[in-house]
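Quick note on our numbering: the sequence shown kicks off at 47 and runs consecutively.
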Amino acid sequence: VDLGDIERVIMINQQPIGRTPRSNPVTYTGIFSFIRDLFANLPEARMRGYKPGRFSFNVKGGRCEACEGNGMIKIEMHFLPDVYVTCDVCRGKRFNQDTLDVKYKDKNIADILDMTVNQALQFFSNIPSIKSHLQMLYEVGLGYVHLGQSATTLSGGEAQRIKLARELGKKVNSNTLYILDEPTIGLHFADIQKLLDVLIRLVDMGNTMVVIEHNLDIIKCADYVIDLGPEGGSGGGRIIASGTVEKVAQEGKSATGQFLKKIIYA
């Protein structure tokens, strides 16, 4: 890699995509803007004079003011952790009834946020601007995640893959060095293949991937491997082997190499 060609470096780690319940997969990736625009252009919304902001739970107007668009009410407990209960006005839907009266294909904005990515892909199959971005979430193995799922309920691995999906959705996407920290954590082997396809696509677009990983299915596909060891923590940190997958597999001192050898020469 010629470092002179690198224009930006992005660390895609497992930190949360947001620290409040207001953050969710579609707000973080920008998909919610397209969905709100769609609702604002419906005949019922235009007749009422609703703008895209009407369908946001972050501002006054369309949100439920009893819970300020959270869908939950926080009850402060003395000497105990705070307790959250479902708002008894909107019943967790986050929006007021006037906003919920506006529907697209018999679904209101709260119904949309309650859909999984898989369900939304079918529902918005004829809306390219929304479908294309949802497709990115699906391709990183997040088809089961709900569009409006609170960021605080997402695992580190899920947060990392949502960040990856956002990168895939950007128009200008080349000459970038991506650093990923164990992106396969918690993934089913079928979803690992989906993730691998995404990583390869980003490389084919002219980017460079540095992946910190223990999963052999990912390691065996790398152009270059650096094996650190011989152990973890204070017992490691030294380069045991480096080079192509085939070269590392021939290194007798490398535990990773010995496992790779069983795979590539099976």
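Cβ coordinates follow ideal geometry from the N, Cα and C atoms, glycine included.
Have a look at Y150, D144, P127 and A156 and flag the residue whose alpha-carbon is nearest the alpha-carbon of G138. A156
Here's a check: name, in chain order, each residue in its chain whose Cβ is nearer than 8 Å to the Cβ of G76, leaving out the five neighbours to either side. For G76, the CB contacts under 8 Å within the same chain, skipping 5 residues up- and downstream, are H179, R212 and G215 in chain order.
Alpha carbon to alpha carbon, how far is E185 from F125? 44 Å
Pull up the CB-CB distance for V131 and M123, whole angstroms please, since I reckon it's below 8 Å. Contact doesn't hold; Cβ gap of about 12 Å is too wide.
So, for H234: in the same chain, excluding its five sequence neighbours on each side, which residues have a beta-carbon less than 8 Å away from its beta-carbon? Only G187 meet the Cβ criterion.
Suppose you measure from the CA of P62 to the CA of K307; what does that come to, to the nearest Å? 36 Å
Check for me: the alpha helix (DSSP H) holding Y184 runs from which residue to which? P174 to E185
How should E90 be labelled, buried or exposed, when 16 other C-beta atoms within 10 angstroms of its C-beta is the threshold for buried? Only exposed fits E90, as fewer than 16 other CB atoms lie within 10 angstroms of its CB.
Member of A205, V72 and T230 whose CA lies at the smallest distance from the CA of V257: T230
Going by other Cβ atoms of all chains shown within 10 Å of its Cβ, with 16 needed for buried, is S171 buried or exposed? By the neighbour-count definition (other C-beta atoms within 10 Å, threshold 16), S171 is an exposed residue.
Is it right to say P276 is buried, meaning 16 or more other beta carbons lie within 10 angstroms of its own, or is it exposed? exposed
Stretch-stretch touch, CB-based, cutoff 8 Å, three pairs: the region 68-88 with the region 238-246: no
Classification of V55 by the beta-carbon crowding that lies within 10 angstroms, buried from 16 upward: Result: exposed.
Between the beta-carbon of G115 and the beta-carbon of R94, is there less than 7 Å? no
Could you spell out the range, first to last residue, of the alpha helix (DSSP H) harbouring T222? Where T222 is concerned, there is no enclosing alpha helix (DSSP H), although the beta strand (DSSP E) it sits in stretches over T222 to D227.
Would you check if there are 3 or more beta carbon pairs closer than 8 Å linking the region 195-202 to the region 248-266? no
Give the DSSP-derived three-state secondary structure of V105 in the structure shown. coil
Close-in-space but distant-in-sequence residues of the same chain around L274 (CB under 8 Å, 5 per side omitted): G282, G283, R284, I285 and I286
Look up S280 in the DSSP assignment and say whether it is helix, strand or coil. S280 falls in the helix class under three-state DSSP.
Distance check for Q60 and I265, CA to CA, integer angstroms please. Whole-angstrom Cα-Cα distance: 19 Å.
Ignoring anything shorter than 4 residues, give me the alpha helix (DSSP H) runs that lie fully in the region 237-285, in order along the chain. 262-265
Just how far apart, CA to CA, sit D263 and I310? 11 Å
What does DSSP give as the partner residues of F141 in its beta bridges? R109
Helix, strand or coil for M93 per DSSP? Helix, per DSSP.
Candidates Q296, E53 and I173: closest to V271 by CA position: Q296
Pick out whichever of Q195, D269 and S175 has its Cα sitting closest to the Cα of K217. S175
In the DSSP assignment, find the alpha helix (DSSP H) that holds I119 and state where it starts and stops. That residue, I119, is in no alpha helix (DSSP H); its beta strand (DSSP E) goes M118 to I121.
Check T198 in the structure and name its three-state DSSP category. helix
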